[in-house]
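Top line first, the protein sequences correspond to chains D and L. For the first sequence, position 308 (counting from the first letter as 1) is numbered 308 according to full-length UniProt numbering, and the numbering increases by one without interruption. For the second sequence, position 189 (counting from the first letter as 1) is numbered 189 according to full-length UniProt numbering, and the numbering increases by one without interruption.
2 protein chains.
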Amino acid sequence: MDKQTLHNTRARILPYVHNTPIFTSHLLDDMSGAKLYFKCENFQKMGAFKMRGAVNAILQLSTEQQERGVVTHSSGNFAQALSLAAKILNVPAYIVMPDNAPKVKSEAVVGYGGNITLCAATIAAREAAAAKIVAERGATFIHPSNNLNVILGNATVGMELLQAHPNLQMIVSPVGGGGLIAGTALSSHFFGVDCKTIGGEPKVVDDAYRSMQTGQIEKNEVSHTIADGLRTQLGDINFPIIQQYVDHIICVEEQEIIQAMKLLWERLKIVVEPSSAVAFAAVLKNRDYFKDQHVAIILSGGNVDLETIKFS
Amino acid sequence: MDKQTLHNTRARILPYVHNTPIFTSHLLDDMSGAKLYFKCENFQKMGAFKMRGAVNAILQLSTEQQERGVVTHSSGNFAQALSLAAKILNVPAYIVMPDNAPKVKSEAVVGYGGNITLCAATIAAREAAAAKIVAERGATFIHPSNNLNVILGNATVGMELLQAHPNLQMIVSPVGGGGLIAGTALSSHFFGVDCKTIGGEPKVVDDAYRSMQTGQIEKNEVSHTIADGLRTQLGDINFPIIQQYVDHIICVEEQEIIQAMKLLWERLKIVVEPSSAVAFAAVLKNRDYFKDQHVAIILSGGNVDLETIKFS
């Protein structure tokens, strides 16, 4: 791993993704005590950073592999990202989804041209369904977060931040499966000047926080956080990167996530997912730590079901 | 009125307002059949286009007038805009508000440094309260929409659109008090190449539509539209401009406004007020008319009470 690998990744995916805008707000600076830079991946294609990793993973396949297609199991943004990336690159995409996934999610995948295979809502069932597609079609399995090419694609978020603001002292990323924060940590390490990578994680699914403490990948017993993109756990490819390059992880309560999300909607006038608000909540909760620092916050996506969201 | 007047206006207010971004969306283009350009005044200072007219009106006062301050009556965005513009320009601002105005509105005005005078919720009471401040303090009354300097300030929205996209064939603006559409019509006339200005208005408060038909300023009997910024009526300064330069006005139902707003939030990932969605609803409703045209839609603001908004 070196700078050039990351430069090559950025050049590779550049024609297919947006260099998303970075928003600032005097009012949110005053509230937090820090100078904040919000990286708006809610404006990324298909509405989340996941597009970057999906494009990079497909582009790293051989022509033969691309012809046989790609497979993933996800009911969230990566399913949509892989479907859209595959469509743009003219590659078949097979998406394994649990049969209890919200209709709006499966419709989005179909809208982007993905081929859905439904399975029972267990890890064993989805892994079996994906393995079957790999065996039958020769398609390549792309994990949503525990895949080095996905991680490298995700690293371009931090690269764009540091290109625009080389003086950043901290980048705060939400932590779910670990793919975004691992990529972010690589970008801070290779392109920042003493720039720390810090994670924000919901307290009720604090597996990454505990994994950093114990030195092994921990699991969650429950998954009932509003930040539905962060219910997953770390993997053996991203965890070593996180251990080496992430400074620390801050856990936040559900109510803090909702309050942070409301502030982002009200003050920045943008729609972001609960998962996006976790990183901002971590900053608001630790005012003294972030005081007077130049802090980037990655707003990871904007795909939310408006009919179910409640602020009151 | 000539091009130079508008150029001078833009130069005058430029240090104090944002040249807001213009968003595009393939998906919304496909849905509408037109090529759409969304002018995001929700990202304007204080969250609405009103900042432009407020700044221009204050800057056109003499030093003596500025020292004595400015007055307006408004419970909406113009109260906040005049307060913030006055604060930035170091001028006292007196805001007359009905005593039943939502607390969130009066708090916002106070937050921007405005001095509030509460009055009974009638037109007579608010006009009397404003007149008293004018008499006692020598302050200058600035009407939210029926003031030529406010209209000229608002015209800079359309100027920025036509500077970025000189080939625009139509600009669609919401119609309330008439200040935004009058300014927009001036910009289309002086800077567009056969660029039409079209209004979008809620059907339940269709006073501007009827005024265009009868040739005189019509009133509304009711005001119960969700588009709370559009409940007001035209004035004797903006109506002649509207008559001369606006092509026509399209009325939309309440449900169409909500659906259009939901699409903007979901697809553009931005928070816009119901009033902003009225112009987009007008385009969606008249697919054949707008088909294949280059159409700008002015998203007038983003100040909405998230705790009361309902999409389901």
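The C-beta atom is built at its ideal place from N, Cα and C for all residues, glycine as well. Since this is a predicted model, take the numbers as computed values, not measurements.
For Asn154 (chain L), the uninterrupted alpha helix (DSSP H) run begins and ends at Leu148 to Ala164, by DSSP. As summarised for the segment 59-116 of chain L, the continuous alpha helix (DSSP H) elements at least 4 residues long and confined to that stretch are 63-68, 77-88 and 103-111, given in chain order.
Sorting L:Phe23, L:Glu307 and L:Thr308 by C-alpha distance to the C-alpha of Ala164 (chain L) places L:Phe23 at the top.
By a beta-carbon distance limit of 8 Å, Cys251 (chain D) contacts Tyr209 (chain D). Their separation comes to about 5 Å. Interface flag for Val271 (chain L) against chain D is set, since a Cβ pair is found closer than 8 Å. The segment 11-25 of chain D makes contact with the segment 52-71 of chain D, as at least three CB pairs between them are under 8 Å. If you draw a straight line from the Cα of Pro274 (chain D) to the Cα of Gln65 (chain D), it comes to about 35 Å.
At least one CB of chain D lies nearer than 8 Å to the CB of Glu307 (chain L). According to the DSSP secondary-structure assignment, Cys195 (chain D) is paired through a beta bridge with no residue. Using a 10 angstroms sphere on the CB of Ile123 (chain L), the tally of other CB atoms stays under 16, which defines it as exposed. Note on geometry: alpha-carbon atoms of Ser187 (chain L) and Met159 (chain L) lie some 5 Å from one another. Less than 8 Å separates the beta-carbon of Ile270 (chain L) from that of Lys269 (chain D). Around the beta carbon of Thr308 (chain D), fewer than 16 other beta carbons sit within 10 angstroms, so the residue counts as exposed.
Taking C-beta separations shorter than 6 Å and ignoring five residues to either side along the sequence, the partners of Ser74 (chain L) in its chain run Pro144, following chain order.
In this chain, the alpha helix (DSSP H) harbouring Ala135 (chain D) covers Ile123 to Arg137. For the options D:Ala86, D:Asn115, D:Gly113 and D:Ala121, the alpha carbon positioned closest to that of Pro102 (chain D) is the one of D:Ala121. Around the beta carbon of Arg126 (chain D), 16 or more other beta carbons lie within 10 angstroms, which makes this residue buried. Residue state for Met51 (chain L) is assigned as helix, using DSSP reduced to three classes. Contact annotation for Lys262 (chain D) against chain L: Leu306 [CB-CB distance below 8 Å, chain order]. Neighbours of Phe311 (chain D) in chain L, taken as residues at a C-beta separation under 7 Å, are given in chain order as Leu306 and Glu307.
By the C-beta density criterion, Leu27 (chain D) is exposed, having fewer than 16 other C-beta atoms within 10 angstroms. Neighbourhood of Glu266 (chain L) in chain D, by CB distance below 8 Å: Val271 and Leu306, in chain order. With a threshold of 16 other beta carbon atoms within 10 Å, Lys45 (chain L) meets it and is buried. The three-state reading of DSSP puts Glu253 (chain L) in coil, since its state is none of H, G, I, E or B. For Ala296 (chain L), the uninterrupted beta strand (DSSP E) run begins and ends at His294 to Leu299, by DSSP. The C-alpha of Thr156 (chain D) lies about 56 Å from the C-alpha of Ile217 (chain L).
Residues of the segment 278-306 of chain L whose Cβ lies closer than 8 Å to any Cβ of chain D, in chain order: Gly302 and Leu306. Within the segment 39-64 of chain D, Cys40, Asn42, Phe43 and Gly47 place their CB atoms closer than 9 Å to a CB of chain L, listed in sequence order.
Under the criterion of beta carbons closer than 8 Å, Gly177 (chain D) and Ile151 (chain D) do not qualify as touching, at roughly 10 Å.
Rounded to whole angstroms, Ile198 (chain L) and Gln293 (chain D) show a C-alpha spacing of 47 Å. Distance from the CA of Trp265 (chain L) to the CA of Asn115 (chain D), rounded to the nearest whole angstrom, comes to 27 Å. The way I'd put it, the segment 125-139 of chain D does touch the segment 81-96 of chain D; three or more beta-carbon pairs between them come closer than 8 Å.
Tyr37 (chain L) is bridged by DSSP to L:Ala296. As DSSP reads the structure, Leu118 (chain L) sits in a beta bridge with L:Met97.
Closest in C-alpha terms to Val278 (chain D), from the list D:Val193, D:His18, D:Ala79 and D:Asp228, comes D:Asp228.
Here the alpha carbons of Glu41 (chain D) and Asn286 (chain L) stand approximately 32 Å from one another.
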